[in-house]
Structures are given as structure tokens and as C-alpha cells.
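J.: Under our numbering, think of the first position of the sequence shown as 2, with each following residue one higher. All C-beta atoms, glycine included, are put in the ideal place defined by N, C-alpha and C.
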Amino acid sequence: MVIIILQVIIGLFFMFTGSKIISGKMADEFKRFGMPPIFNFLTGFIEIASAIGLFAGIWFPIAAVIAGFLLAVTMFVAAFTLLAVAKDPFPKAIPAIVLCLLSIIVSMNHLI
Numbered sequence: 002m003v004i005i006i007l008q009v010i011i012g013l014f015f016m017f018t019g020s021k022i023i024s025g026k027m028a029d030e031f032k033r034f035g036m037p038p039i040f041n042f043l044t045g046f047i048e049i050a051s052a053i054g055l056f057a058g059i060w061f062p063i064a065a066v067i068a069g070f071l072l073a074v075t076m077f078v079a080a081f082t083l084l085a086v087a088k089d090p091f092p093k094a095i096p097a098i099v100l101c102l103l104s105i106i107v108s109m110n111h112l113i
């Protein structure tokens with residue numbers, strides 16, 4: 002039951018952030034990272050699709066495995082980008098690292 006609650010919370014979070022990214026509200030951040038504008042759409046799409054996958058994963062565990070893995074990779078890349086590309090201080094990457102780990106937990110739980 003705890004994993005399902007975690008899935009829903011993560012899903013809602015990424016539904017919100019994915020929508021925010023697609024809307025262009027984070028375009029300046031992507032520009033600061035030196036990424037082309039298409040990355041706004043791709044990142045937002047991955048986050049929204051994965052959020053839907055987490056919701057579907059309540060009934061179809063393979064969807065949660067795939068969605069959790071996609072989100073973990075996305076958050077790993079986000080943390081790497083913040084630290085290595087943008088040279089931001091470590092505390093700015095903590096949310097991405099935590100979300101990466103939580104996504105891995107969800108994926109792994111459905112594999113067991």
C-alpha cells in the first residue's frame with residue numbers, strides 16, 4: 002500500500018512538473034543548460050507519460066516498472082546536468098537525486 006501511495010504522489014508531482022515544462026515556463030533553465038528548445042517538449046512529455054504509467058502501474062505493474070525506470074533516468078540526467086553542466090551547488094540537485102531514488106524504489110518494488 003505504501004508503494005501505491007508513493008506512486009500516486011510521484012505521479013502527481015511529475016504530471017505537474019511535466020505540464021510546467023511543456024508550457025515553456027522552464028525554457029530559461031533549458032537555455033541556461035545549453036539545450037535546444039525541443040528538450041522542453043521531450044522532457045515534459047517523458048514526465049507526463051511516465052506519470053500516467055505510474056498511475057496505470059497500480060493495476061499493471063509492468064507500467065510502473067517502465068515509468069519508474071524512465072523517471073529515474075530522467076532525474077539522473079537532471080542531477081548530472083545541474084552539477085556538471087550548469088555547475089550549480091549540490092543542494093540544487095538534491096530534489097532530482099531524491100526523485101531518482103524514489104523512482105528506482107517504485108520500479109524495483111514491482112519487479113520483486
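#1: Does DSSP put I113 in a helix, a strand or coil?
#2: Are there 16 or more other CB atoms within 10 angstroms of the CB of M2, so buried, or fewer, so exposed?
#3: Do the region 29 to 43 and the region 56 to 65 make contact, defined as three or more Cβ pairs closer than 8 Å?
#4: Extract the residue ranges of the alpha helix (DSSP H) inside the region 11 to 90, only unbroken runs of 4 or more that lie entirely within it.
#5: Does the distance from the C-beta atom of F77 to that of E48 stay below 8 Å?
T.: In terms of the structure at hand:
#1: coil
#2: exposed
#3: no
#4: 28 to 33, 39 to 57 and 62 to 81
#5: no
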